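Structure representation (structure tokens):
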């Protein structure tokens, strides 16, 4: 691959990690608001996303 392609991929990976961190934080906040343990909230999210 060219240097520019590698740079684009590198930036995309960083962006994806940032998005993942933001979504994880939103999930934590949602669990706290609903007084649900974070691990249970993750299980709920996984079960609803596979339907």
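Numbering (the numbering used here), first residue to last: 1 to 51.
Cβ coordinates follow ideal geometry from the N, Cα and C atoms, glycine included.
It should be emphasised that the depicted structure is a prediction, and the values quoted were computed from it without experimental measurement.
Roughly how many angstroms lie between the CA atoms of residue i and residue j, to the nearest whole one?
| i | j | result |
| --- | --- | --- |
| residue 39 | residue 15 | 25 angstroms |
| residue 42 | residue 31 | 9 angstroms |
| residue 26 | residue 3 | 35 angstroms |
| residue 5 | residue 19 | 21 angstroms |
| residue 7 | residue 48 | 35 angstroms |
| residue 33 | residue 50 | 24 angstroms |
| residue 28 | residue 17 | 16 angstroms |
| residue 13 | residue 46 | 23 angstroms |
| residue 36 | residue 1 | 46 angstroms |
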